[in-house]
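J.: Residue numbers (my numbering), protein chains in the order written: chain X, 1 to 348; chain B, 349 to 1039. C-beta: ideal position from N, C-alpha, C; glycine also. Can you keep this structure in mind? I'll have questions shortly.
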Amino acid sequence: MNNRPIYPFTAIVGQDAMKLALMLNVVNPGLSGVLIRGEKGTAKSTAVRALADILPDIQVFGDDPYQLDPDGEFGIYQEIRRTLRGESAPASPPETVLRKVRVVELPVGATEDRVVGTLDLEHALKKGEKRVEPGILAQAHRNILYVDEVNLLDDHVVDVLLDSAAMGVNTIEREGVSFSHPARFTLVGTMNPEEGELRPQLLDRFGLCVTIEGIRSAEDRVAIMERRAAFDLDAKDFAARWQAESATLADRLLTARALYPAVEADRPLLFEIARTCLEVGVDGHRGDIIMLKTAKTLAALDGRTEVAAADIHTAADLALPHRVRRQPLMAIADNVQTLRAGAAARLH
Amino acid sequence: MERAVYPLAAMVGQQQLRQGLLLAAVNPAMGGILLRGEKGTAKSTMVRALAALLPEIEVVRGCGNACSPQPNEDRCPECRRRFPALEAATQRTRLVELPLNATEDRVAGGINFPRSLRTGRAVFAPGLLARAHRGLLYVDEVNLLDDHIVDLILDAAASGENRIEREGISYRHPARFVLVGTMNPEEGELRPQLLDRFGLCLEIRGCDDPEQRVTLMERREFFDRDPAGFLAGYRQESDRLARQLDRARTLLAEVRVMARLRGFIGELCRENNVAGHRADLVMEQAARAFAALEGVTEVSIDHVRAVAPMVLLHRQRDAQPPPPPPQDEQRSDRQPEDTPSEEDREQRDESQPEETSAPQTQPPQDAPPQPSPPADRTESGENGESDDTSQQSEPELPQETQSPPTAGRDDQLFQIGSTFRVKPLSAAKDRMVRRGSGRRSRSRIAQKKGRYVKSCQRPGEDLALDATLRAAAPFQRQRAESGGGLAVRLREQDLRTKIREKRIGNLLLFVVDASGSMGARGRMAASKGAVMSLLLDAYQKRDRVAMVTFRRHGATVNLPPTSSVDLAGRLLAEMPVGGRTPLSAGLVKSHEQVRNYLIKNPTAQPIVIFITDGKSNVSLGEDKPVEESLRLADALARDRRLRTVVVDTEEAGVVTFGLARRLAGAMAAQYFKIDDLKAQSLVDIVRGQHP
Chain X
1 MNNRPIYPFT AIVGQDAMKL ALMLNVVNPG LSGVLIRGEK GTAKSTAVRA LADILPDIQV
61 FGDDPYQLDP DGEFGIYQEI RRTLRGESAP ASPPETVLRK VRVVELPVGA TEDRVVGTLD
121 LEHALKKGEK RVEPGILAQA HRNILYVDEV NLLDDHVVDV LLDSAAMGVN TIEREGVSFS
181 HPARFTLVGT MNPEEGELRP QLLDRFGLCV TIEGIRSAED RVAIMERRAA FDLDAKDFAA
241 RWQAESATLA DRLLTARALY PAVEADRPLL FEIARTCLEV GVDGHRGDII MLKTAKTLAA
301 LDGRTEVAAA DIHTAADLAL PHRVRRQPLM AIADNVQTLR AGAAARLH
Chain B
349 MERAVYPLAA MVGQQQLRQG LLLAAVNPAM GGILLRGEKG TAKSTMVRAL AALLPEIEVV
409 RGCGNACSPQ PNEDRCPECR RRFPALEAAT QRTRLVELPL NATEDRVAGG INFPRSLRTG
469 RAVFAPGLLA RAHRGLLYVD EVNLLDDHIV DLILDAAASG ENRIEREGIS YRHPARFVLV
529 GTMNPEEGEL RPQLLDRFGL CLEIRGCDDP EQRVTLMERR EFFDRDPAGF LAGYRQESDR
589 LARQLDRART LLAEVRVMAR LRGFIGELCR ENNVAGHRAD LVMEQAARAF AALEGVTEVS
649 IDHVRAVAPM VLLHRQRDAQ PPPPPPQDEQ RSDRQPEDTP SEEDREQRDE SQPEETSAPQ
709 TQPPQDAPPQ PSPPADRTES GENGESDDTS QQSEPELPQE TQSPPTAGRD DQLFQIGSTF
769 RVKPLSAAKD RMVRRGSGRR SRSRIAQKKG RYVKSCQRPG EDLALDATLR AAAPFQRQRA
829 ESGGGLAVRL REQDLRTKIR EKRIGNLLLF VVDASGSMGA RGRMAASKGA VMSLLLDAYQ
889 KRDRVAMVTF RRHGATVNLP PTSSVDLAGR LLAEMPVGGR TPLSAGLVKS HEQVRNYLIK
949 NPTAQPIVIF ITDGKSNVSL GEDKPVEESL RLADALARDR RLRTVVVDTE EAGVVTFGLA
1009 RRLAGAMAAQ YFKIDDLKAQ SLVDIVRGQH P
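See the structure below:
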């Protein structure tokens, strides 16, 4: 069924900020997700799916709804088996399989039960045993969680979602059950700001934020149409034509992942980060920390082990717009650099 | 799933926060601590770090609730029954985090379903309060929890025990824990009663020193890269802190407070207008904890001074209005006699200890003083429109000179007046079941959230065990033959589901009079301020909002129902004023909006808020405008699904028409003057309820 190739990431025209933010998050999940703000039909979900497509496969246990990593999470696998089924846990790991990285979608109407997972009470009453239905967070472990229209979700659902994203653990606390499983995922949220804002507390928990709009240049719009038409005509052929570029990109992402731990940032650059955050007026310290991580990931993506001043500027644009302090009911900043210039002008 | 915890010793800055947490840990009797402040200021990190520092405790072996093996200590019934031998074991001090989605069962404890069925008697399943016994209970965003859950927690924290009397269980167990709550005041306040019950309160801000911020980033990076190495580097300092804490806890029992210091404490509380006596008691306990941390057994005046700000911050009356948007300058020419009192309050604020004036919660009253307007300036004349150039740096608020080109000669644009905290408005309770979230009106709810009020026979997943068992009980003997290995045999028809109740948001439809008469003498600025205040309240209660304005010859829908309160705020700022008053058109248009909304959301409970002086002077038909509008108002009131509120903008003076009051009467609406909307004093609230 799913043999149809996916539109290649490299063939997406424009939307560089979004593509960059997605790539950064794939290289370093520690950036805790990206929020894409913008209108409909701007290749948001295409980009996410395309990116997942070129990621290396992950290894999982054959029948495991929690997507645990055979390499390092077998202990948790045993523990889950023990608590849920009350059975003596298997001593040796079950068979593992290789699987593509999935894009798990959270539907708009998703209830908290569906997200977190729930206890099947009727089953418990009739049979006298616990049965936990794993939720979407379990599915998302080690994958990409794509939340469309995150601002339309119930507040408490977003809360649990971001809690898990930050802690890497999901806890089901309901009706006398308390049960945890790992949930580390790359979080991608989209929203159309016209339909209401996210609370600042929630906004702040997304590591990066990009605002996108439809492409204005006629030339690019034509390119989009042409490529789309070619893809619809013969998807296989189209994908094959972009194969080389996709492979290069996949390589680059993998190299960057490996390189990231070695990236260093000089102290003067750290001051630059701190000053930027202070001047623009950012609440708290999460902005600083994410900005530094983003800058380092940018360097890694570029194949360097030294953060450059330019990385800091790019990082500011990605990590700060949604963190700038503002009065309630005000629009969020769209350009960090102008803000900074404005702040500097006021000072002098 | 153990994770490395960033050590308290490696925290950068935030001395106060650190001090407060240590105090709370030394002396849980003072009722915990509330951290208010911006996001991303290491609140959670600090709390986790504190838990890691606490010494291991002795517990009864096997007891899940960490009961103490000391024979004279209170223990849970389960423990008394099963472990009379009091065998001791040690375990780490627990940190229990209360998730936002926790239900009442989960917090206070409920029935253990599977075991109850197998054994045939109600088995109690301890909740988070039991788990937190002798440990730390951390409630993030405590202002977003349902009030009844907060009540439960604070009750237990204050009394040191948790009592459950519901769903056929009657159970009590000790629950003494260090309570730490956090909140971001922008997201809505805690009720004052709840605020008061937190012992200490701290205002948290990020640090402004680049040097410190850099140190912080460096440490964080180091920690993320190599947690074990990082922890090892701070081992010595951490151990020192842990020892200090341990010593202080032992020493606490011996710390004495001299009688004359009690007098000083009382004096301090009185000076700060604190309600009730909890502040005095808490201050004494906190000062004792402080002395214990210092290693002395005698509380000194300095100890009291050190803890006083944390005790008084949230108990001073009038101290914490929500952060309102920028204030305008019209107000200053509206009521010059208003200004001194405003300044009084500011001065009082400033005379408080430093912590109370943290900028985050300061209203813009302490923005640089507005220049006093030239004496000849008026807002009412045609020429009043362009002289009010804004001093604010807000890009969002268009200045008056930028009136849209379509606006007529007599159109004016007023800035938003000062905002205030509004008193609660909510829809009446009914029997309708709804979905949704929010914090305004109580409603039956179709989700597994909220308080379990009763049960019913209705298919669903949210089973009520007590009711189900009662329903099944009479048939147990005749079903015994069918067996099944369970103590209780259930059939489909026994299943009962829970009916729950919680607060949800409403649709607030603002109907704003934008006619010329509203522009007189800065009244529009005050009205906009009132609408803005209501909007802020709507944001905090997660309402949907819509806006209709009427002026000249008709009414327009400026904003169809949306949850984007932001958008409403922006529209309000840009709303021009001028022309005649077609109140009837406004009434018709608003009813049309509400009716359409109700078709889509049959269970909704809209609240329609009219902001007008009621001086209708354009009619739809042949009737006199005022009579027509009153008739329409009466018709509107016949729709029982909506509630109406009239905010009268007419200024008190020698000649008043009282038309808005008549309008309210015709609609059976709640009636407020702008000033009555303010939730400030008890007197105001009483007056508001008996208009």
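Taking any Cβ of chain X, which residues in the stretch 568-601 of chain B have a Cβ under 8 Å from it, in chain order?
T.: Against chain X - using a Cβ distance shorter than 8 Å - the residues of the stretch 568-601 of chain B are R568, E569, D572, R573.
J.: Would you say B/R561 reaches chain X, if we count a Cβ-Cβ gap shorter than 7 Å as a contact?
T.: In the second sequence, counting from the first residue as 1, residue 561 of chain B sits at position 213. True, the Cβ-Cβ gap to chain X drops below 7 Å.
J.: According to DSSP, is B/S863 part of a helix, a strand, or is it coil?
T.: Locating residue 863 of chain B in the second sequence gives position 515, counting from the first residue. Three-state DSSP puts B/S863 in coil, outside helix and strand.
J.: Between B/T687 and chain X, is the shortest Cβ-Cβ distance under 7 Å, so that the two count as touching?
T.: Locating residue 687 of chain B in the second sequence gives position 339, counting from the first residue. With a pLDDT of only 39 at B/T687, under 50, the local geometry of the prediction cannot be trusted, and no value is derived from it.
J.: Closer than 9 Å, Cβ to any Cβ of chain X: which residues of the stretch 364-390 of chain B, in chain order?
T.: Those would be G385, E386, K387, G388, T389, A390, in chain order.
J.: Give a yes or no on whether the minimum CB-CB distance between B/E404 and chain X is below 7 Å.
T.: Counting from 1 along the second sequence, the entry for residue 404 of chain B is found at position 56. Judged by the 7 Å Cβ criterion, B/E404 is not in contact with chain X.
J.: Please go through the same chain and pick out, in chain order, the residues whose beta-carbon is closer than 6 Å to the beta-carbon of B/L538, but skip the five residues on each side of it.
T.: As a first step, residue 538 of chain B must be located in the second sequence, where it is residue number 190. Excluding residues within five positions, the ones whose Cβ falls inside 6 Å are N491.
J.: Can you find the residues in the same chain that come closer than 6 Å, C-beta to C-beta, to B/G547, ignoring five residues on each side of it along the sequence?
T.: Here residue 547 of chain B refers to the residue found at position 199 when the second sequence is read from its first residue. Excluding residues within five positions, the ones whose Cβ falls inside 6 Å are M378, G379, G380, V630.
J.: Using a C-beta to C-beta distance shorter than 7 Å, which residues of chain B count as neighbours of X/I289?
T.: Numbered from its first residue, the first sequence carries residue 289 of chain X at position 289. Within 7 Å Cβ-Cβ: M565, R568.
J.: Quick check: what's the CA-CA separation for B/R1010 versus B/T1004?
T.: As a first step, residue 1010 of chain B is located in the second sequence; it is residue number 662 there, counting from the start. As a first step, residue 1004 of chain B is located in the second sequence; it is residue number 656 there, counting from the start. So the alpha carbons of these two residues sit roughly 12 Å apart.
J.: Taking Cβ-Cβ distances shorter than 8 Å, what residues in chain X pair up with B/P447?
T.: Numbered from its first residue, the second sequence carries residue 447 of chain B at position 99. In chain order: V160, D163, T171, E173.
J.: Per DSSP, which residues does B/H625 bridge with? Please list them.
T.: Along the second sequence, one-based indexing puts residue 625 of chain B at 277. DSSP lists no partner for B/H625.
J.: Can you have a look at X/V282 and say buried or exposed, based on whether 16 or more other CB atoms are within 10 angstroms of its CB?
T.: Here residue 282 of chain X is taken as the residue at index 282 of the first sequence, counted from 1. Buried, since its Cβ has 16 or more Cβ neighbours within 10 Å.
J.: How do the stretch 481-497 of chain B and the stretch 449-457 of chain B stand: do at least 3 beta-carbon pairs fall below 8 Å, yes or no?
T.: Yes: the two stretches touch, three or more of their Cβ pairs being nearer than 8 Å.
J.: Identify which residue in B/T904, B/R900, B/P822 has its Cα closest to the Cα of B/V859.
T.: Taking the first residue of the second sequence as position 1, residue 859 of chain B is located at position 511. Answer by Cα proximity: B/T904.
J.: Should B/E386 go down as buried or exposed, given a rule of 16 or more other Cβ atoms within 10 Å for buried?
T.: If you number the second sequence from 1, residue 386 of chain B lands on position 38. Its Cβ being crowded by 16 or more others within 10 Å, B/E386 is buried.
J.: Cβ of B/P558 less than 7 Å from any chain X Cβ?
T.: Counted from its first residue, the second sequence places residue 558 of chain B at position 210. It does; some Cβ of chain X falls within 7 Å.
J.: Quick check on the burial criterion: 16 or more other C-beta atoms within 10 angstroms. Buried or exposed for X/S92?
T.: Within the first sequence, numbered from 1, the residue matching residue 92 of chain X stands at position 92. Exposed, by the Cβ-count rule.
J.: Answer yes or no: do B/L817 and B/I459 have a C-beta to C-beta separation smaller than 7 Å?
T.: Walking along the second sequence from the start, residue 817 of chain B turns up at place 469. Walking along the second sequence from the start, residue 459 of chain B turns up at place 111. In this structure, B/I459 does not lie closer than 7 Å to B/L817 by Cβ.
J.: Can you tell me where the alpha helix (DSSP H) with B/K391 in it begins and where it stops?
T.: The residue you call residue 391 of chain B lines up with position 43 of the second sequence. Where B/K391 is concerned, the enclosing alpha helix (DSSP H) stretches over 391-401.
J.: Helix, strand or coil for B/P355, going by three-state DSSP, please let me know.
T.: Position 7 of the second sequence, counted from the first residue, corresponds to residue 355 of chain B. Three-state result, B/P355: coil.
J.: Just to confirm before moving on: does the CB-CB distance between B/V647 and B/A639 stay below 7 Å?
T.: Along the second sequence, read from residue 1 onward, the residue named residue 647 of chain B stands at position 299. Along the second sequence, read from residue 1 onward, the residue named residue 639 of chain B stands at position 291. Contact: yes.
J.: Just verifying my parser: in three-state terms, what is the DSSP assignment at X/D185?
T.: The sequence position of residue 185 of chain X within the first sequence is 185, counting from 1. Here residue 185 of chain X turns out to be Phe, not Asp, going by the sequence shown. Three-state DSSP puts X/F185 in coil, outside helix and strand.
J.: Just reading off the beta strand (DSSP E) that B/F1020 is part of, what are its end residues?
T.: As a first step, residue 1020 of chain B is located in the second sequence; it is residue number 672 there, counting from the start. Looking at the DSSP string, the run of the beta strand (DSSP E) that includes B/F1020 is 1018-1021.
J.: Using 7 Å as the threshold, is the C-beta distance between B/L855 and B/P908 below it?
T.: What you label residue 855 of chain B is simply residue 507 of the second sequence in a count that begins at 1. What you label residue 908 of chain B is simply residue 560 of the second sequence in a count that begins at 1. Cβ distance not < 7 Å, so B/L855 and B/P908 don't count as in contact.
J.: Please classify B/Q760: is it buried, with 16 or more other beta-carbons within 10 angstroms of its beta-carbon, or exposed?
T.: Counting from one through the second sequence, the residue named residue 760 of chain B turns up at place 412. So B/Q760 ends up on the buried side.
J.: So what does B/F898 bridge to, in DSSP terms?
T.: Locating residue 898 of chain B in the second sequence gives position 550, counting from the first residue. Answer by DSSP bridge pairing, in chain order: B/D861, B/A903.
J.: Counting only C-beta atoms, is X/Q201 closer than 7 Å to chain B at any point?
T.: Position 201 of the first sequence holds residue 201 of chain X. So yes, X/Q201 belongs to the interface.
J.: Look up X/L145 in the DSSP assignment and say whether it is helix, strand or coil.
T.: Walking along the first sequence from the start, residue 145 of chain X turns up at place 145. Looking at X/L145 - three-state DSSP - the assignment turns out to be strand.
J.: Kindly list, in the order they appear in chain B, the residues whose Cβ is closer than 7 Å to that of X/E197.
T.: As a working mapping, residue 197 of chain X is identified with position 197 in the first sequence. Ordered by position in chain B, the residues that pass the 7 Å Cβ test against X/E197 are S912, D914.
J.: Please name the residue or residues paired with B/L1042 in a DSSP beta bridge.
T.: In the structure displayed, chain B extends from 349 to 1039; residue 1042 of chain B sits before or after that span and is not available.
J.: Grab me the residues of X/F9's own chain with a C-beta within less than 8 Å of its C-beta, minus the 5 sequence neighbours each way, in chain order.
T.: Position 9 of the first sequence, counted from the start, is the residue given in the question as residue 9 of chain X. Result list for X/F9: K19, A47, A50, L51, D53, I54, S246, L249, in chain order.
J.: Around the Cβ of X/G75, are there at least 16 other Cβ atoms within 10 angstroms (buried) or fewer (exposed)?
T.: Locating residue 75 of chain X in the first sequence gives position 75, counting from the first residue. With fewer than 16 other Cβ atoms within 10 Å, it is exposed.
J.: Please state the DSSP three-state secondary structure of X/R323.
T.: On the first sequence, position 323 is the one that residue 323 of chain X refers to. Looking at X/R323 - three-state DSSP - the assignment turns out to be helix.
J.: According to DSSP, B/F472 sits in a beta bridge with which residue or residues?
T.: The residue labelled residue 472 of chain B in the question sits at position 124 within the second sequence. DSSP, once it has assigned bridges, lists B/I459 as partnering B/F472.
J.: Select from X/T83, X/D288, X/R82 the residue whose C-alpha is nearest the C-alpha of X/A316.
T.: Within the first sequence, residue 316 of chain X is the residue found at index 316, counting from 1. If we check each option's Cα against that of X/A316, X/D288 comes out closest.
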